[in-house]
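Q:
Residue numbers (the numbering used here): 7 to 354.
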């Protein structure tokens with residue numbers, strides 16, 4: 007590489023300057039070393055740089071001389087997130103993509119607005135927005151929702167002092183599925199894998215009574231879930247309590263919970279009181295949270311060789327759970343705050 011006297015003086019000045027930028031001095035040294043006949047290996051050793059670094063700056067100098075080292079446009083300036091830009095991102099997120107897609111990704115919205123996808127991600131995180139997620143709900147159409155919900159919430163928040171409160175329900179049609187292919191276990195970089203083929207051995211139902219004070223669960227597996235099985239389970243719950251203790255049972259509006267058999271049982275046990283959740287509001291029943299837990303922990307990925315095997319594993323899970331039960335920290339307290347058919351969702 008050949009340098010003019012003026013170019014050499016300028017490059018040497020950059021190298022010797024104590025006030026200049028270190029990266030500019032490094033580029034100048036690279037060109038001076040090449041002009042002095044140094045090899046790329048020697049330059050890499052002296053400047054602690056890479057071959058692409060040498061190629062980039064020697065190529066620019068060969069094409070543009072000194073201007074290629076110092077006068078080239080250094081890229082687009084960083085975009086500053088102003089309140090106005092943040093409001094624009096939030097408004098675009100709320101409106102959705104103009105092409106009819108259901109939701110934005112960070113990269114698509116960033117390209118649409120003209121900012122980086124990381125800026126979009128920061129704004130979404132700051133406001134708790136996750137457009138890729140979808141949750142489903144069911145709005146209760148019960149005209150007596152507030153009264154029924156207040157009755158249930160009162161038992162959670164202010165339970166009777168000398169009474170027991172149980173949330174009762176049944177998880178029906180639990181399938182005993184056996185995988186036909188071997189399970190490939192968890193390994194570094196690989197999740198546990200199950201084959202698609204399975205054998206269905208049958209189903210059963212699980213009755214559960216969740217003690218709201220202690221978090222303990224009384225469970226029973228049954229082949230059917232008729233009113234007779236429900237009454238028999240209620241009798242077992244009563245038998246586990248001190249004789250004559252007042253018992254409040256929270257349950258949903260299943261027809262099997264409102265038969266003549268149930269009425270006869272209540273007449274024989276006047277200390278047992280049933281409290282029904284509003285229609286389409288079974289989420290007010292704490293046992294549903296426990297059903298979700300056993301579904302995640304055991305049922306969803308479990309392998310069951312028969313219905314008795316399924317029943318045995320369900321009972322074992324309940325025994326292990328009851329060694330360290332956890333009551334629910336209930337937070338929903340205002341029955342007037344609910345989703346209705348006329349509710350409108352506002353994004354802030």
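C-beta atoms are modelled at their ideal positions from N, C-alpha and C, and glycine is treated no differently.
With distances taken from CA atoms, which of 265, 149, 271 is nearest residue 243?
A: Position 237 of the chain shown, counted from the first residue, corresponds to residue 243. Of the listed residues, the one whose Cα sits closest to residue 243 is 271.
Q: Taking contact to mean 3 or more Cβ pairs, one atom from each stretch, closer than 8 Å, check whether the stretch 208-220 and the stretch 168-181 are in contact.
A: yes
Q: What residue does the beta strand (DSSP E) around residue 185 start on, and which one ends it?
A: Along the chain shown, one-based indexing puts residue 185 at 179. Unbroken beta strand (DSSP E) run through residue 185: 169-185.
Q: Could you spell out the range, first to last residue, of the beta strand (DSSP E) harbouring residue 206?
A: Mapped onto the chain shown, residue 206 falls at position 200. Residue 206 -> beta strand (DSSP E) spans 204-217.
Q: Going by CA-CA distance only, name the one from 302, 289, 23 that's closest to residue 337.
A: For the purposes of this step, residue 337 is taken as residue 331 along the chain shown, with counting starting at 1. Of 302, 289, 23, the residue nearest in Cα terms is 289.
Q: Taking the C-alpha atoms as reference points, what is the distance between residue 166 and residue 341?
A: Position 160 of the chain shown holds residue 166. Position 335 of the chain shown holds residue 341. For residue 166 and residue 341, the distance between alpha carbons rounds to 20 Å.
Q: Would you identify the three-state DSSP class for residue 281, choosing helix, strand or coil?
A: Your numbering for residue 281 matches position 275 in the chain shown. The three-state reading of DSSP puts residue 281 in strand, counting E and B together.
Q: Going by DSSP in three states, residue 264 sits in which element: helix, strand or coil?
A: Here residue 264 is taken as the residue at index 258 of the chain shown, counted from 1. Looking at residue 264 - three-state DSSP - the assignment turns out to be coil, as it is neither helix nor strand.
Q: Quick check: what's the CA-CA separation for residue 233 versus residue 190?
A: Locating residue 233 in the chain shown gives position 227, counting from the first residue. Locating residue 190 in the chain shown gives position 184, counting from the first residue. Their Cα atoms are separated by approximately 42 Å.
Q: Measure the C-alpha to C-alpha separation of residue 354 and residue 136 and round it to an integer number of angstroms.
A: Position 348 of the chain shown, counting from 1, holds the residue named residue 354. Position 130 of the chain shown, counting from 1, holds the residue named residue 136. For residue 354, the predicted model reports a pLDDT of 35, less than 50, meaning its position is unreliable and no value from the coordinates is stated.
Q: Can you tell me whether residue 252 is helix, strand or coil according to DSSP?
A: Translated into the one-based positions of the chain shown, residue 252 becomes position 246. If DSSP states are grouped into helix, strand and coil, residue 252 belongs with the strands.
Q: Can you check whether the CB of residue 321 is closer than 8 Å to the CB of residue 218?
A: For this step, residue 218 is matched to residue 212 along the chain shown. For this step, residue 321 is matched to residue 315 along the chain shown. Not a contact, by the Cβ cut-off of 8 Å.
Q: Let's test the definition: count the other Cβ atoms within 10 Å of the Cβ of residue 352 and tell me whether it reaches 16, buried, or not, exposed.
A: Start at 1 with the first residue of the chain shown, and residue 352 comes out as number 346. Unreliable positioning characterises residue 352 in this predicted model, as indicated by a pLDDT of 39, which lies under 50. The coordinate reading is nonetheless provided below. Exposed, because fewer than 16 other Cβ atoms sit within 10 Å of the Cβ of residue 352.
Q: CA-CA distance, residue 49 and residue 12?
A: Taking the first residue of the chain shown as 1, we reach residue 49 at position 43. Taking the first residue of the chain shown as 1, we reach residue 12 at position 6. Whole-angstrom Cα-Cα distance: 23 Å.
Q: What residues are listed by DSSP as bridge partners for residue 228?
A: Taking the chain shown and counting its residues from 1, one reaches residue 228 at position 222. Per DSSP, 211.
Q: So, helix, strand or coil for residue 332, using DSSP?
A: For the purposes of this step, residue 332 is taken as residue 326 along the chain shown, with counting starting at 1. If DSSP states are grouped into helix, strand and coil, residue 332 belongs with coil.
Q: Roughly how many whole angstroms lie between the Cα atoms of residue 45 and residue 139?
A: Position 39 of the chain shown holds residue 45. Position 133 of the chain shown holds residue 139. Rounded to whole angstroms, residue 45 to residue 139 spans 56 Å at the Cα level.
Q: The alpha helix (DSSP H) with residue 233 in it runs from where to where?
A: Within the chain shown, numbered from 1, the residue matching residue 233 stands at position 227. Looking at the DSSP string, the run of the alpha helix (DSSP H) that includes residue 233 is 233-245.
Q: Closest by CA to residue 133, which one among 303, 92, 185, 145?
A: Position 127 of the chain shown, counted from the first residue, corresponds to residue 133. Residue 133 has its Cα closest to that of 92, out of 303, 92, 185, 145.
Q: Does the Cβ of residue 278 have 16 or more other Cβ atoms within 10 Å, making it buried, or fewer, making it exposed?
A: Sequence index remark: in the chain shown, residue 278 carries index 272 (1-based). By the Cβ-count criterion, residue 278 is buried, with 16 or more other Cβ atoms from all chains shown falling within 10 Å of its own Cβ.
Q: For the ligand FMN, is there a heavy atom less than 7 Å away from the beta-carbon of residue 13?
A: Ligands displayed in this structure: none; no statement on the ligand FMN is therefore possible.
Q: Grab me the residues of residue 152's own chain with a C-beta within less than 8 Å of its C-beta, minus the 5 sequence neighbours each way, in chain order.
A: Counting from 1 along the chain shown, the entry for residue 152 is found at position 146. Excluding sequence neighbours, residue 152 sits near 341, 342.
Q: Classify residue 88 as buried or exposed, calling it buried when 16 or more other Cβ atoms lie within 10 Å of its own Cβ.
A: Walking along the chain shown from the start, residue 88 turns up at place 82. In this structure residue 88 is exposed. Its beta-carbon is surrounded by fewer than 16 other beta-carbon atoms within 10 angstroms.
Q: How many angstroms separate the CA atom of residue 280 from the CA atom of residue 116?
A: Counting from 1 along the chain shown, the entry for residue 280 is found at position 274. Counting from 1 along the chain shown, the entry for residue 116 is found at position 110. Distance between the alpha carbons of residue 280 and residue 116: 55 Å.
Q: Identify whether residue 17 lies in helix, strand or coil by the three-state DSSP scheme.
A: On the chain shown, position 11 is the one that residue 17 refers to. Residue 17 falls in the helix class under three-state DSSP.
Q: Could you name the residues that DSSP lists as bridge partners for residue 223?
A: Stepping through the chain shown from its first residue, residue 223 is reached at position 217. Beta-bridge pairing links residue 223 to 216.
Q: Report the residue from 254, 229, 264 whose alpha carbon sits nearest the alpha carbon of residue 314.
A: Along the chain shown, read from residue 1 onward, the residue named residue 314 stands at position 308. Comparing Cα positions, the closest option is 229.
Q: Count the other C-beta atoms from every protein chain shown that fall within 10 angstroms of the C-beta of residue 163, then say buried if there are 16 or more, exposed otherwise.
A: What you label residue 163 is simply residue 157 of the chain shown in a count that begins at 1. That one is exposed.
Q: Within 10 angstroms of its Cβ, does residue 291 collect 16 or more other Cβ (buried), or is it exposed?
A: In the chain shown, the residue the question calls residue 291 occupies position 285. Buried: at least 16 other Cβ atoms inside 10 Å.
Q: For residue 332, which residues from the same chain have a beta carbon less than 6 Å from its beta carbon, with the 5 sequence-adjacent residues on both sides left out?
A: Start at 1 with the first residue of the chain shown, and residue 332 comes out as number 326. Cβ neighbours of residue 332 within its own chain (closer than 6 Å, five residues either side excluded): 221.
Q: Suppose the cutoff is 7 Å on Cβ atoms and the five residues either side in sequence are ignored; what does the same chain contact list for residue 246 look like?
A: As a first step, residue 246 is located in the chain shown; it is residue number 240 there, counting from the start. Sequence-distant Cβ neighbours of residue 246 in its own chain, meaning closer than 7 Å and more than five residues away, are 224.
Q: Mind checking who residue 72 pairs with in its DSSP beta bridge?
A: Taking the first residue of the chain shown as position 1, residue 72 is located at position 66. Per DSSP, none; premise fails for residue 72.
Q: Anyone know if the C-beta pair for residue 296 and residue 215 falls short of 8 Å?
A: Taking the chain shown and counting its residues from 1, one reaches residue 296 at position 290. Taking the chain shown and counting its residues from 1, one reaches residue 215 at position 209. No, Cβ-Cβ distance for residue 296 and residue 215 is not below 8 Å.
Q: If you follow the alpha helix (DSSP H) that residue 162 is in, where does it begin and where does it stop?
A: Here the question's residue 162 lines up with position 156 in the chain shown. Looking at the DSSP string, the run of the alpha helix (DSSP H) that includes residue 162 is 151-163.
Q: Output the distance between the C-alpha atoms of residue 1 and residue 102, rounded to the nearest integer angstrom.
A: One cannot answer for residue 1 here, as it falls past the ends of the chain, which runs 7 to 354.
Q: Can you tell me where the alpha helix (DSSP H) with residue 132 in it begins and where it stops?
A: Within the chain shown, residue 132 is the residue found at index 126, counting from 1. Here the alpha helix (DSSP H) through residue 132 covers 123-132.
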